[in-house]
Each structure stands twice: as structure tokens, then as C-alpha cells.
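Below: the structure, in C-alpha cells.
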Amino acid sequence: MCGIVGYVGPRPVTDVLVPGLAHLEYRGYDSAGVALNTGTSFDLIKTAGRIADLEALVDAEDHSNALSGIGHTRWATHGAPNTVNAHPHTDEAGDVVVVHNGIIENWADLKKKLVESGHEFISDTDTEVVAHMVADRADMTLRDAVTDIMNQAEGALALAVMRKSEPDLIIGARRGSPLVVGRGDGENFLASDIPAFLEHTREMVIIEDDRVVEVRPESVRLFDLEGNELEPEHRKIDWDFEAAEKGGYPTFMLKEIHEQPHAIADTLAGRLSETGRVVLNDLDLDPVLLRSIDKVFVIACGTSYHAAMMAKYAIERWTRLPVEIDIASEFRYRDPVLDDRSLVIGISQSGETIDTLAAVRYAKAQGAKLIGVSNVIDSALARESHAVLYTRAGLEIGVAATKTFTTQLVAMQLLGLYLAQVRGTLDPGAIELLVRELEQLPEQVATALESSAAIEELTRGWADVRDYFFLGRSGDFPVAMEGALKLKEIAYVRAEGYAAGEMKHGPIALIEEGVVVVGVATDTHVQAKTLSNMEEMKARGGTIVLVAEEDDDVGEVADHVIRVPSASDLICTVTAVIPLQLLSYHVATARGLDVDKPRNLAKTVTVE
Ligand code: M6R
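Counting in the numbering used here, the sequence shown runs from 754 upward without gaps.
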């Protein structure tokens, strides 16, 4: 996630770019910048911090000679959130400026070639390669240069690029990351999202993937990556501002649920090789050290703890290392046995949760090696850790974790396989099969999301149901726990997550007519037992909903079956949780609740 804005037209350029960036601040706000094209030079104004900090810098000087420009609000993926890494980026001569959203997966290879040919880099970003590559193509039109670069760059990305010699031209390009054009009268706008230009125009042009767009004050021309000109598709926007910020979704939570295919693809980007290996170059830990580990601890809170639960199954199964998992606020008080052969993994999407930070600091003080798994670059957890594995879910605004959870599951699966690879505990063929399954996940999650309307229909009469159970075994157990937590926190109903086999030891006394029991039965090696447990719930009057894989025969036990695409046990946790997120969402909205800001909760909890 990052926000891009571009403008060509007669208005004072900063009056368009800075408010446009403010409307995109929800996409990221660790640093921001603008490049203003005067026709003879670029005024480059960048800063770490919020758009308000950028605005103060812009307002401090006169920019009335600017003819056009591009701007950016950043959510860091490569390189710390500081002024040098803030966009726009430029080449050595300052002839080219570029802003970028997404990840250029092969940036390291591209950078290596550029450095060998004499280019000097000043930032740690993947984006800067584009500026140098455009500079190297001075003999091409800007559109041809960007098209050529799009054909070489791998991954999901959106770009806006300018040359100082052509102040009436912005070239935009899109693959995977969003980009739209706003059409004006004698002026045009380019942006990651509609709110950036909604106060100026309601006419827009859709840009599909693998398209390059030439934006001038009087024209917008669209091309494919072979250089063929295409007919632009025009749309009229009838959203209000708030709806526009949510991308047309009624809530941030629903938007974020639907962003999961993309978030997972970003989290996997560059981390799976063509030969079926896991590549964690960003995890800067010596393999010798990883081979010396004799015990693993995974520590987290809330939803992140459910990712830790899945991680225990994955790491134990794939590496044969013993794994202990702990709720962070409990960890220090049980006097855990740690030493320099212990590996501690702290999971926190925000990287600021004080319980998790206190726990990992305690572990570090005992000599343990620490890996942080965080969604926020340079978070306190990242700074505390010996090595960091970032999820790349983009900014999550809804208080209920959704896309940060599924990307945590993916990150822990990557880490589990990587440890197995380094320690030689899974043969390469088995790793390759799992890698191929991980590659399928973005598409499978998109398929799972298609059940939203059916789940809304299913839950329509449930606004007054007060008791829910979510049950599963093995890998389905953490999924059930997460389903229960989601429902509790946004729908304010009692929802228990339980190991399906444990119900008969007490909680089954609570099952009666009117209780909804959601069983998760995707883990094939325990599926028959889970189904038997669901029979026990049905016999006592429970309404049975079952999450099962598409091809599985789950008999007659369920009143409703929700299908998800088939995958191996543990990998399937990522798709299995999607119907539960949707279920909690639809129950909460049917109860008329504000799902983005549930009562009594905060997105980041910085108190013990
Ligand atoms: O930022 P963290 O992952 O450390 O946050 C941990 C919990 O506070 C968080 O997962 C919380 O449970 C969410 N509200 C779940 O939706």
C-alpha cells in the first residue's frame, strides 16, 4: 500500500497534489513527497512523517512556477521510513522522477546491473531502480521507456513517471496495484484511488493490469505492453467521499477482507523460487545458527496468537523441533526455560503491542535468538528483533484483524518451510509440493471470497442468536479460535472457540436448541473425528454450519456447508478462515454494529 497522485493542468500544482495525498493517507503515512516540474528542473520536497509535515514544507516556499507534478504517500516495504527512502525518487542527474506502489520482486537483480553500469543509488528502495532505468532510456519516448521497464519488472506495481523536459506529460503504468485517471477539462489526474481527485472531477478512466497510460492536459491515451493503443473505458463516479475512501465498500473491514488475495500475493512475492524453494533473503539470520536451535517459542496476542497456534503445527510437523506457544502477557510469569539455542518468534501485526514486546525482550535477555513477524516496517518489534519477516498486507484500518491474519499464516508457513529447508528435515520434493500450493493461495482466497453473498443470506436471521461455538481439530483449531474471536469482537455475542474433541469434557452442556455450532473440517487427517463431534452437537439441538473443502464428502451432519478450495492441511487454514471472517462481518452488520470501530477495543494495544 502506498498512494500515488499526479496532475497536469492549469491549477496551482501543489493545491492538487497535497490535498490529493491527504485523501490517500489511509494507504500509508510513514513518509511523503512531491516532485514539481518547472520545465527546467524538479523541485523535490520529501519528508518522513505525515502529509501535514509535507504540507508545512511545501507551504514554506513559493511553487507558483510549477507546471505539473507527482506525489506519494508511503507505506514502507523496502527500506526504513525516512526522508531518503520517501518518494519521489530520481536519477543522478535529476532528469527523471518516479513514484511507485507495490513491490518490484526482481529489484535486486535490476539494481545489480545498474550498479555495474555505474549508477549510484542513494535509497534502500526497490523504486529507485525505475528512475535509473528511465534515465538509461533517454533515446526512447517516456512511454516506450516505461513500457520496456514494465516488461522487465516482476511483481505487482503501479508507477507514475515524469521527465523534466516534458512537463505536460505523466506516464502511468499498472500491474496488480491500483491506478486510475481522473478526467478534467484541460487538465487530468492520475491516482492510486478515486478520493485523490474526487473534489475536482467525477469522470474517470479505468486502467487495467499491464497497461501504460499517457496523461496530458488535453488527452489520456492507453496502451498495452506491446505498444498497441487501446480504447479507454470511461466511468462516472457517483460515490461520496467516505464511500470513495473505502473503495466503494461500505466498511474498511469488508474492503480489507477483499484485499486478501493481493495481500497474500505481496507477502509471497519474491519468496518462492521457480525451483520450488523458499527464499527468505530478507531474513538476515545465519543458517548455521538456525541449525543450532533446539527449541522454538512463538509468542503473540489476540489474532496473532492464532497465527502462532498454526505455526506450532507447521514448525513441529516440518522441522521436528519442539515448539511452545504463549499468550504474550503470560509468557514472563511462567518462568520459561530459555537459552542461546532457543529461537523465539514474536508475531505482531502492529509490532507495537506492549505485551508482545515485553515478552520478547525478556526472552532476548535470556540469550534467545529473536525473529519478529510484523506488518509495519521498522516497528518496535522489528527494531528489537535479530531478524524480521515482514507480512505485506498493507495498512489495516478496521480494528478487527483480517488481511494481517491471513498474511501472518502465510509468513509462518514460509518460515516453517524455510527452517525445514535449512535444517534438512523435509526432502526437496515435499517442500516443492507445498511451495506450489502456496503459489495457489491468492487465487484460492479469491474463490473463497465468492461465498460472501451466500453467507450473508445464511446469517440473515441470526441477529438475535446469542451463543455460538467454533470447533476444529489440528490446523482447523486455530481457525475456529479466530472465527470465535472475530465474532465476539465485532458482533458482541458469546462465541467460544474450542478444540472439537474437548467439547465432551464439559462445554457440550451448553449446547441446546438455538446455539449455532460452526465446525471447521478441512484438515483431512482429523476430518472424520471432527464430523463425529459435530454429530454430537447436532444431537443436542445445535444448528450446524460446516466449513469444508470443495471435494470432500461431509455426509449429512450439517444444516449448511460452506465450501473452500482444496489444499494441504495447514496451508488450507488460509482459505478456511475466510468464510468465518465473512460470517462475523454479516452477523455484526445484521445487528447494526460499527464493525470498523468495535466498542472497547483499540487497533494497537500499548498498555499491559
Ligand atoms: O498488533 P498485534 O498483532 O500485536 O495485535 C494483537 C491483538 O491486539 C490483535 O490481534 C487483536 O486481537 C485484534 N483486534 C484482533 O482482531
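Beta carbons: idealized from backbone N, C-alpha and C, even for Gly.
(message) Is the beta carbon of residue 1194 closer than 7 Å to that of residue 1068?
(response) Here residue 1068 corresponds to residue number 315 of the sequence shown, with the count starting at 1. Here residue 1194 corresponds to residue number 441 of the sequence shown, with the count starting at 1. Contact flag unset, no.
(request) State whether the segment 989-1009 contacts the segment 1133-1141, with contact taken as three or more CB pairs (one from each stretch) at a distance under 8 Å. (result) no
(request) Would you decide whether residue 1249 is buried or exposed? Buried here means 16 or more other CB atoms lie within 10 Å of its CB. (result) Locating residue 1249 in the sequence shown gives position 496, where the first residue counts as 1. Buried.
(request) Check whether the Cβ of residue 1057 lies closer than 6 Å to any heavy atom of the ligand M6R, and answer yes or no. (result) Numbered from its first residue, the sequence shown carries residue 1057 at position 304. Checking every heavy atom of the ligand M6R against the Cβ of residue 1057, one is found closer than 6 Å.
(message) Taking the straight line between their C-alpha atoms, what separation do you get for residue 834 and residue 1262?
(response) Working through the sequence shown from its first residue, we reach residue 834 at position 81. Working through the sequence shown from its first residue, we reach residue 1262 at position 509. If I take the Cα positions, the gap works out to 53 Å.
(request) Over the uninterrupted beta strand (DSSP E) stretch that includes residue 976, give me the two end residues. (result) Position 223 of the sequence shown, counted from the first residue, corresponds to residue 976. That run of the beta strand (DSSP E) goes 973-977.
(request) Kindly examine the ligand M6R and report whether one of its heavy atoms sits closer than 6 Å to the Cβ of residue 1166. (result) Within the sequence shown, numbered from 1, the residue matching residue 1166 stands at position 413. No.
(request) For the segment 981-992 and the segment 1178-1189, state whether three or more C-beta atom pairs, one from each stretch, are separated by less than 8 Å. (result) no
(message) Quick check on residue 904: does DSSP put it in helix, strand or coil?
(response) The sequence position of residue 904 within the sequence shown is 151, counting from 1. Of the three classes helix, strand and coil, the one that applies to residue 904 here is helix, per DSSP.
(request) Pair every Cβ in the segment 1242-1257 with every Cβ in the segment 1335-1353, then say whether three or more of these pairs are closer than 8 Å. (result) yes
(message) Just list the residues that DSSP pairs residue 1079 with in beta bridges.
(response) Residue mapping note: residue 1079 aligns to position 326 of the sequence shown, counting from 1. According to DSSP, residue 1079 bridges with 1052.
(message) At the level of alpha carbons, what is the spacing between residue 830 and residue 755?
(response) Within the sequence shown, numbered from 1, the residue matching residue 830 stands at position 77. Within the sequence shown, numbered from 1, the residue matching residue 755 stands at position 2. Looking at the two C-alpha atoms, the distance is approximately 10 Å.
(request) Identify every residue that forms a DSSP beta bridge with residue 885. (result) For the purposes of this step, residue 885 is taken as residue 132 along the sequence shown, with counting starting at 1. Note: residue 885 sits in no beta bridge, so no partner.
(message) Closer than 6 Å to a non-hydrogen atom of the ligand M6R - does that hold for the CB of residue 1248?
(response) Residue 1248 sits at position 495 when you count from the first residue of the sequence shown. Checking the Cβ of residue 1248 against the ligand M6R gives no.
(message) Would residue 770 and residue 760 qualify as a contact pair, given that the criterion is a beta-carbon distance under 7 Å?
(response) On the sequence shown, residue 770 is found 17 positions in, with the first residue counted as 1. On the sequence shown, residue 760 is found 7 positions in, with the first residue counted as 1. Yes, Cβ-Cβ distance for residue 770 and residue 760 is below 7 Å.
(request) Give a yes or no on whether the C-beta atoms belonging to residue 1076 and residue 1049 are separated by under 7 Å. (result) Residue 1076 sits at position 323 when you count from the first residue of the sequence shown. Residue 1049 sits at position 296 when you count from the first residue of the sequence shown. Yes, they are a contact pair.
(request) Given a cut-off of 7 Å, decide if residue 1160 and residue 1226 are closer than it, judged by their beta-carbon atoms. (result) Indexing the sequence shown from 1 puts residue 1226 at position 473. Indexing the sequence shown from 1 puts residue 1160 at position 407. No, they are not a contact pair.
(request) Have a look at 1111, 964 and 1144 and flag the residue whose alpha-carbon is nearest the alpha-carbon of residue 1022. (result) Sequence index remark: in the sequence shown, residue 1022 carries index 269 (1-based). Of the candidates 1111, 964 and 1144, the one whose C-alpha sits nearest the C-alpha of residue 1022 is 1144.
(request) Check whether the Cβ of residue 1051 sits closer than 6 Å to any heavy atom of the ligand M6R, and report yes or no. (result) Against the sequence shown, residue 1051 aligns to sequence position 298. Because no heavy atom of the ligand M6R lies under 6 Å away, the Cβ of residue 1051 does not count as near it: no.
(request) Could you tell me whether any non-hydrogen atom of the ligand M6R is closer than 6 Å to the CB of residue 1102? (result) Within the sequence shown, the letter at position 349 stands for residue 1102. Correct: residue 1102 has its Cβ closer than 6 Å to the ligand M6R.
(message) Quick check: residue 1319 and residue 1190, are their CB atoms within less than 7 Å of each other?
(response) The residue labelled residue 1319 in the question sits at position 566 within the sequence shown. The residue labelled residue 1190 in the question sits at position 437 within the sequence shown. Contact flag unset, no.
(request) Select from 849, 1324 and 1291 the residue whose C-alpha is nearest the C-alpha of residue 1313. (result) Taking the first residue of the sequence shown as 1, we reach residue 1313 at position 560. When each option's Cα is compared against that of residue 1313, the closest is 1291.
(request) Name the two residues that bound the continuous alpha helix (DSSP H) containing residue 1004. (result) Stepping through the sequence shown from its first residue, residue 1004 is reached at position 251. Element bounds for residue 1004: n/a, residue is neither H nor E.
(request) Would you mind sorting residue 1024 into buried or exposed? The rule is 16 or more other CB atoms within 10 Å of its CB. (result) In the sequence shown, residue 1024 corresponds to position 271, counting from 1. Residue 1024 comes out buried.
(message) Buried or exposed for residue 1269, going by 16 or more other Cβ atoms inside 10 Å?
(response) Position 516 of the sequence shown, counted from the first residue, corresponds to residue 1269. It counts as buried.
(message) Give me the residue from 1071, 857, 1279 and 1102 with the minimum Cα distance to residue 1186.
(response) Taking the first residue of the sequence shown as position 1, residue 1186 is located at position 433. The residue with the shortest Cα to Cα distance from residue 1186 is 1071.
(request) Decide if residue 779 is buried, meaning its Cβ has at least 16 other Cβ atoms within 10 Å, or exposed. (result) Sequence index remark: in the sequence shown, residue 779 carries index 26 (1-based). Buried, because 16 or more other Cβ atoms sit within 10 Å of the Cβ of residue 779.
(message) Mapping the DSSP letters down to three states, classify residue 930 as helix, strand or coil.
(response) Within the sequence shown, the letter at position 177 stands for residue 930. The answer is coil: DSSP assigns residue 930 none of H, G, I, E or B.
(request) Can you tell me which of the three DSSP states residue 825 falls into? (result) Position 72 of the sequence shown, counted from the start, is the residue given in the question as residue 825. It is a strand residue.
(request) Might you give, ordered along the chain, the residues of its own chain that have their beta carbon closer than 8 Å to the beta carbon of residue 1033, omitting 5 neighbours on each side? (result) For the purposes of this step, residue 1033 is taken as the residue at position 280 of the sequence shown. Result list for residue 1033: 1024, 1142, 1167, 1168 and 1171, in chain order.
(request) Could you have a look at residue 769 and say whether DSSP puts it in helix, strand or coil? (result) To locate residue 769, count along the sequence shown from 1; it is residue 16. In this structure, residue 769 counts as helix in the three-state DSSP scheme.
(message) Does the distance between the C-beta of residue 1144 and the nearest non-hydrogen atom of the ligand M6R fall short of 6 Å?
(response) The sequence position of residue 1144 within the sequence shown is 391, counting from 1. Result no, Cβ not under 6 Å from the ligand M6R.
(request) Look at the alpha carbon of residue 1329 and the alpha carbon of residue 1201, and state the distance between them as a whole number of angstroms. (result) Mapped onto the sequence shown, residue 1329 falls at position 576. Mapped onto the sequence shown, residue 1201 falls at position 448. Cα to Cα, residue 1329 sits roughly 8 Å from residue 1201.
(request) Select from 799, 1278, 1097 and 938 the residue whose C-alpha is nearest the C-alpha of residue 823. (result) Taking the sequence shown and counting its residues from 1, one reaches residue 823 at position 70. For the residues 799, 1278, 1097 and 938, the minimum Cα distance to residue 823 belongs to 799.
(message) Report the CB separation of residue 904 from residue 978 in whole angstroms; it is logged as a contact under 8 Å.
(response) The sequence position of residue 904 within the sequence shown is 151, counting from 1. The sequence position of residue 978 within the sequence shown is 225, counting from 1. That pair is a contact at about 6 Å.
(message) Taking 8 Å as the limit between beta carbons, can you name the residues of its chain near residue 1274, skipping five residues before and five after?
(response) To locate residue 1274, count along the sequence shown from 1; it is residue 521. The residues are 1225, 1229, 1280, 1283, 1284, 1287, 1299, 1300, 1301, 1305 and 1307.
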